[in-house]
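Q: I have a structure here, written as structure tokens, and I will follow up with some questions on it.
Number of protein chains: 2
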Amino acid sequence: MHLPSVDGVADVFKALADPTRRTILDELTERTGQTLFELCGRLSTKHGLASSRQAISQHLDVLEAAGLVETRREGRYKFHYLDTTPLEQIAVRWLDRTAAPQSGASTTNGDTTNVDTTTGE
Amino acid sequence: MHLPSVDGVADVFKALADPTRRTILDELTERTGQTLFELCGRLSTKHGLASSRQAISQHLDVLEAAGLVETRREGRYKFHYLDTTPLEQIAVRWLDRTAAPQSGASTTNGDTTNVDTTTGE
DNA sequence: TTGACATGCAAGTATGCACTTGCCTAGTGT
DNA sequence: ACACTAGGCAAGTGCATACTTGCATGTCAA
Chain A
9 MHLPSVDGVA
19 DVFKALADPT
29 RRTILDELTE
39 RTGQTLFELC
49 GRLSTKHGLA
59 SSRQAISQHL
69 DVLEAAGLVE
79 TRREGRYKFH
89 YLDTTPLEQI
99 AVRWLDRTAA
109 PQSGASTTNG
119 DTTNVDTTTG
129 E
Chain B
9 MHLPSVDGVA
19 DVFKALADPT
29 RRTILDELTE
39 RTGQTLFELC
49 GRLSTKHGLA
59 SSRQAISQHL
69 DVLEAAGLVE
79 TRREGRYKFH
89 YLDTTPLEQI
99 AVRWLDRTAA
109 PQSGASTTNG
119 DTTNVDTTTG
129 E
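Chains as they are written, first to last, in this note's numbering: chain A, 9 to 129; chain B, 9 to 129.
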């Protein structure tokens, strides 16, 4: 069981807010399971991204904290795998409201129980 | 005339990055066409959000710039309407790549240069 | 008109975040 | 052993942004 941090939803949105991280997801979509160095090379070559190794490493940490990237260590290599599961619930939050109760209805599916009550952030 | 800037996608992601703005979208999903004061009241009452009027107004500006909220002026009232159109293209970017090409995002995979030095699983 | 209401604008503050810099640990091959 | 490689850690810098403060604009009712 992968434990998402206390507030997983907010982490996903924050992770997607950065264009570099979105490009990383693009690259991992084309080829999942890349190492940090692989990503650095391909990002700079194919995507014209000139970020340092440390910068990309930190971005990967954010993506992993958001649950969008899973890592597996193997020797001195660390492979990064894309996980799109958190993405399936973020857009439908405002899209799929067709059969939603208007007011006063008890939580039918618990969707509205936003773990996102980090108003204080 | 709010032109969708060259990279309107980034604006959408940035707009969604803030928890307060996400709550505003939640509220507008339940009842679209609210005024600023209506939103302030309901946000503080139902969502426990203690943001000032000016803060919410600035958030609405961001949401409008992202194309997620449209406004209509009527007398001294300004109504805010939810527009979920930009949301339909953000998550599918990494979910199904067989779909139409995105804007700006170089989803065009020229070649899959096999730098497969290691096991690719 | 006057005054209350709904909203807008602009400068200032302050926290967050992306990125750098520098050094460190661990695995690999000779 | 050694050098090389892949990656990690932590403090510091600079910019972006969320929020405040204060006043201005415009609309409606009396």
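Every residue, glycine too, gets a C-beta built ideally from N, C-alpha and C.
1. With burial defined as no fewer than 16 other Cβ atoms inside 10 Å of the residue's Cβ, what is the status of A:G75: buried or exposed?
2. Out of B:D26, B:R39, B:R30, B:P27, which one is the CA nearest neighbour of B:H88?
3. Expressed to the nearest angstrom, what Euclidean distance is found between the alpha-carbon atoms of A:Y85 and A:S65?
4. Helix, strand or coil, according to DSSP, for B:R29 in the structure here?
5. When you compare the CB positions of B:L71 and B:I98, do they come within less than 8 Å of one another, or not?
6. Run through chain A and tell me which residues come within less than 7 Å of B:I98, C-beta to C-beta.
7. Could you list which residues in chain A have their beta carbon closer than 9 Å to that of B:F21, in chain order?
8. Per DSSP, which residues does B:F87 bridge with? Please list them.
9. To the nearest angstrom, report how far apart B:E46 and A:D26 are at their CA atoms.
10. Round the Cβ separation of A:L36 and A:R30 to the nearest angstrom and send it over; I've been treating them as touching at under 8 Å.
11. How would you list, in chain order, the residues of chain B whose beta-carbon sits under 8 Å from the beta-carbon of A:L95?
12. Who are the neighbours of B:I43 on chain A, taking C-beta pairs under 8 Å?
13. Using a 10 Å radius around the Cβ and a threshold of 16 neighbouring Cβ atoms, would you call B:Q42 buried or exposed?
14. In chain B, which residues lie with their C-beta within 9 Å of the C-beta of A:A18?
A: So, from the data block:
1. In the assembly as shown, A:G75 is a buried residue. Its beta-carbon has 16 or more other beta-carbons within 10 Å.
2. It is B:R39.
3. One C-alpha to the other measures close to 13 Å.
4. It is helical.
5. Cβ atoms of B:L71 and B:I98: not closer than 8 Å.
6. When 7 Å is used as the limit between beta carbons, B:I98 is near these residues of chain A: A99, in chain order.
7. Ordered by position in chain A, the residues that pass the 9 Å Cβ test against B:F21 are F21, L24, A25, D26, P27, R30.
8. For B:F87, which the question treats as bridged, DSSP gives the partners B:R80.
9. Near 32 Å, if we compare the C-alpha coordinates of A:D26 and B:E46.
10. Actually they are not in contact, since the Cβ atoms of A:L36 and A:R30 sit about 11 Å apart, beyond 8 Å.
11. Under the 8 Å cutoff, chain B gives A99, W102, L103.
12. In the sequence under discussion, the amino acid at residue 43 of chain B is Thr, which differs from the Ile named in the question. What B:T43 touches in chain A: nothing, since even the nearest Cβ is about 19 Å away.
13. Buried, because 16 or more other Cβ atoms sit within 10 Å of the Cβ of B:Q42.
14. Simply A25, P27, R30.
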